[in-house]
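What follows is a single structure, written as structure tokens, with notes after it.
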Amino acid sequence: EKQAQEEMIRMAVSGVELLGAAQEADYVERAWDFTTAWLASNADRFRDSCHQEKYGFYDVPKNQYCVVPAIFKAALTEAGFSVSRTLREFAEKGYLQTDNKGGGKEVYSVKKWWGEQRIRMIIFAPNGTGGSAEKPAESQ
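Dropping the structure here:
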């Protein structure tokens, strides 16, 4: 009887651990779905011909969205996602590029030239956005 009880406890602990892993994967998937939909629905904001506030730019040769961090972080927050958790998990999945700051600290933005300035931007890696979000059409 005691052995059966211990086995049930072990099974319950394993179930809780599996549930935690599934919830973690679900969170990243929901955050990524939000991000790709946000990029697609705001594709105009990444075009050179944009007459509104630009959110960044689309680097055609590299197939990358380069996003102003403050704008993307505000969108994540408004949608109810944790900015730090989302960026950390996107980096772990390879969805965005990272850079190392002094002391080996990983940061989730990369310095990139935008116009005449070199600024930090969140860069969604090709394997992350490739085919998942609509690329902005080049204006003719």
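Per the working numbering, residue 69 is the first one in the sequence shown, and the count goes up by one each step. We treat Cβ as the ideally placed atom computed from N, Cα and C, and that holds for glycine. These numbers were taken from a predicted model, which means no experiment stands behind them.
Please state the DSSP three-state secondary structure of E97. DSSP places E97 within a helical segment (H, G or I) once states are collapsed to three.
Practice prompt. Kindly give me the distance between the Cβ atoms of Q285 and I191, rounded to whole angstroms, as I take these residues to be in contact under 8 Å.
Written response: Coverage of the chain is limited to positions 69 through 208, which leaves residue 285 absent and any answer about it impossible.
Check your understanding: When DSSP labels each residue in this structure, what does R115 get in the three-state scheme?
Key -> DSSP places R115 in coil when its eight states are reduced to three.
**Alpha-carbon to alpha-carbon, M189 and V136** = When rounded, the distance between both Cα atoms is 5 Å.
**Report entry** Short Cβ contact (7 Å threshold) for K180 with C134
**Finding:** Taking 7 Å as the Cβ cut-off, K180 and C134 qualify as a contacting pair.
| query | Are there 16 or more other CB atoms within 10 angstroms of the CB of T154, so buried, or fewer, so exposed? | reply | The residue is buried, with at least 16 neighbouring Cβ atoms inside 10 Å.
Within its chain, find whatever has a CB closer than 7 Å to the CB of W106; leave out the 5 residues flanking it on each side and keep chain order.
Closer than 7 Å at Cβ, skipping near neighbours: A143.
My output table needs one value for F149: the three-state DSSP class, helix, strand or coil.
It is coil, neither helix nor strand.
| query | In this structure, what does DSSP give as the bridge partners for Y126? | reply | Its beta-bridge partners are Y133.
Rounded to whole angstroms, what is the Cα-Cα separation between Y176 and S117? Spanning the two alpha carbons is a distance of roughly 27 Å.
Our contact map puts A147 next to F102 with C-beta atoms below 8 Å; I'd like the distance itself, whole angstroms only. Yes, they are in contact, since the Cβ atoms of A147 and F102 sit about 5 Å apart, within 8 Å.
* To do: Mind reading off the beta-carbon distance from Q165 to A138? Whole number of angstroms is fine, and I expect it under 8 Å.
  => So it is not a contact: roughly 18 Å between Cβ atoms.
Mapping DSSP to helix, strand and coil, what is E184?
-> Reduced to three states, the DSSP call for E184 is coil.
*How about Y95 and N110: do their beta carbons lie closer than 7 Å?*
Taking C-beta atoms as the reference points, Y95 and N110 fail to come closer than 7 Å.
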